[in-house]
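Per our numbering, the sequence shown runs over residues 324 to 682. Ideal placement from N, C-alpha and C gives every residue a C-beta, glycine not left out. What follows is a single structure, written as structure tokens, with notes after it.
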Amino acid sequence: MTKVGFVGWRGMVGHVLMDRMNEEGDLSRINPDFFSTSTPGQKGPQDQILKDAFSIDELSQMDIICTCQGSDYTNKVYPELKRRDWNGYWLDSSSAMRMNENAVIILDPVNGNVIDRAIDQGIKIFVGGNCTVSLMLMAIGGLFKENLVDWVSTMTYQAASGAGARHMFELMDQMSFLAGSAVDNKDALSLGKLVQKNMEHASFPTGNFNAPLAASLIPWIDDGMKDGRTKEEWKGEVELNKILGLKPPVPVDGICVRVGAFRSHSQALTIKLKRDVSIASIEDIVKNSNKWVKVIPNEKKQTLDKLTPAAVSGTLDIPVGRMRKMTIGKEYLTLFTVGDQLLWGAAEPIRRMLGILCR
Ligand code: HSE
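Written as structure tokens, this is what we have:
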């Protein structure tokens with residue numbers, strides 16, 4: 324059986340990956356070894372002794388190394404393995420090697436053909452995509468496949484989980500800090516004043532987000548770039564085009580915003596179509612593109628029941644709704660989509676890629 328070394332399996336994405344592998348019985352189909360950067364020698368899953376995640380000797384015994392440990396680990400360890408001529412597969416959830424020309428960004432329901440071709444060509448580095456990009460393509464990959472997309476503008480509403488575990492706790496801490504404001508307040512205006520005062524309080528917890536997120540939002544994700552985009556916004560364009568192998572690239576641009584959702588990212592898309600296609604045909608293309616995408620009728624009850632982070636978190640569903648032609652022209656389509664940031668946005672493409680490499 325294929326020897327797979329797991330690194331970073333205790334972190335948030337790694338944990339979700341392990342849960343999904345257990346649910347699907349994947350671990351029984353491989354020969355897993357668990358590595359640790361901090362506690363090698365201690366007991367790990369399946370009563371195994373944890374191996375040293377910095378031991379190139381141990382790592383190079385693996386057919387596949389699957390890491391959710393982050394970019395610093397990849398940047399340190401992968402070059403050392405290559406210096407030893409290790410020839411296994413490197414499967415990575417971090418962005419460190421995403422744009423490397425020898426790496427493929429994996430999202431098999433959307434680019435299974437690109438993945439199969441890369442395996443045949445001897446490519447060994449497979450990397451999970453940025454969560455927002457993966458979720459967008461799970462939703463509208465079918466429109467690209469039909470060559471209908473001229474450009475996309477995306478406005479995102481990204482959950483705290485995308486920033487990391489400490490940020491999820493900080494969002495809850497901010498919410499608790501504010502929650503007391505409502506207790507002794509009878510009118511909304513004085514409640515508003517107290518909420519504002521609490522957000523400005525010296526002990527209001529902002530050490531991770533550097534700003535209030537609860538009862539507010541943050542229209543900036545990741546570092547800034549020279550052209551005025553943030554890195555998150557830049558990834559939207561370059562990763563989407565790389566995943567689909569589009570030449571020339573399709574323009575994708577917008578504003579990425581952190582909101583107080585917990586673990587599901589949402590996005591509102593404006594899509595300039597190459598031609599006027601009816602909404603009925605677009606719905607068919609979207610819903611037939613993979614088995615997880617669900618078209619939600621553009622009406623209030625179904626939208627509230629099915630097209631929210633609260634409805635989607637913890638599931639693999641990718642609802643797409645609020646779909647209509649915009650009043651600005653028949654070739655302008657708008658829609659809203661949601662997906663679990665830790666599942667399709669992170670762990671699930673990695674889990675499925677392991678299945679492809681071990682089939
Ligand atoms: N960069 C994303 C975010 C995480 O900040 O939400 C998913 O790749």
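Check: I want to check one thing, is the minimum distance from the CB of T455 to the heavy atoms of the ligand HSE below 7 Å?; Outcome: yes
Check: Is E555 near the ligand HSE, in the sense that its beta carbon is under 7 Å from a heavy atom of that ligand?; Outcome: yes
Check: Just to check, is the beta-carbon of G668 closer than 7 Å to a non-hydrogen atom of the ligand HSE?; Outcome: yes
Check: Considering only their Cβ atoms, is the gap separating V450 from R421 smaller than 8 Å?; Outcome: yes
Check: Please report the distance separating the alpha-carbon of W332 from that of Y655.; Outcome: 43 Å
Check: I need the boundaries of the beta strand (DSSP E) containing I446, first residue and last residue.; Outcome: Element bounds for I446: n/a, residue is neither H nor E.
Check: If I follow the unbroken alpha helix (DSSP H) through I605, where does it start and stop?; Outcome: I602 to K610
Check: Report yes or no: do the region 576-588 and the region 474-487 share at least 3 C-beta pairs separated by less than 8 Å?; Outcome: yes
Check: For N521, which three-state DSSP category applies?; Outcome: helix
Check: Just confirm the distance between the C-beta atoms of V427 and C391, as a whole number of angstroms; I'd bet it's less than 8 Å.; Outcome: Actually they do not touch by this definition, with Cβ atoms about 18 Å apart.
Check: Threshold first: 4 residues or longer. Then list the alpha helix (DSSP H) segments lying entirely within the region 360-408, N to C.; Outcome: 379-382 and 394-406
Check: Could you tell me the distance, in whole angstroms, from the CA atom of T325 to the CA atom of R352?; Outcome: 8 Å
Check: To which residues does DSSP link G547 through a beta bridge?; Outcome: T553
Check: Taking the continuous beta strand (DSSP E) assigned at D415, which residues delimit it?; Outcome: Y412 to D415
Check: Compare the C-alpha of R343 against each of A670, C681, I679 and M676 and name the closest.; Outcome: A670
Check: Closest Cβ-Cβ distance between T360 and chain C: below 8 Å?; Outcome: Any reference to chain C falls outside this structure, which holds one protein chain only.
Check: Out of curiosity, what's the CA-to-CA distance linking K520 and S513?; Outcome: 10 Å
Check: So, under 8 Å CB-CB, V616 and V643 are touching, yes? Tell me the CB distance rounded to an integer number of Å.; Outcome: 6 Å
Check: Distance check for F358 and L373, CA to CA, integer angstroms please.; Outcome: 5 Å
Check: Would the C-beta of A486 count as close to the ligand HSE, meaning under 7 Å from any of its heavy atoms?; Outcome: yes
Check: Beta-carbon within less than 6 Å of K629's beta-carbon, same chain only, minus the 5 sequence neighbours each way: which residues are those?; Outcome: I619 and P642
Check: Quick check: what's the CA-CA separation for T553 versus Q371?; Outcome: 42 Å
Check: Are at least three pairs of beta-carbons, each pair with one atom in the region 461-468 and one in the region 479-496, less than 8 Å apart?; Outcome: no
Check: To the nearest angstrom, report how far apart I541 and R682 are at their CA atoms.; Outcome: 43 Å
Check: E556: which of G348, N453 and D607 sits nearest, CA to CA?; Outcome: N453
Check: Please list, in chain order, all residues of the same chain as M522 whose beta carbon is under 6 Å from its beta carbon, the five residues on each side excluded.; Outcome: P535
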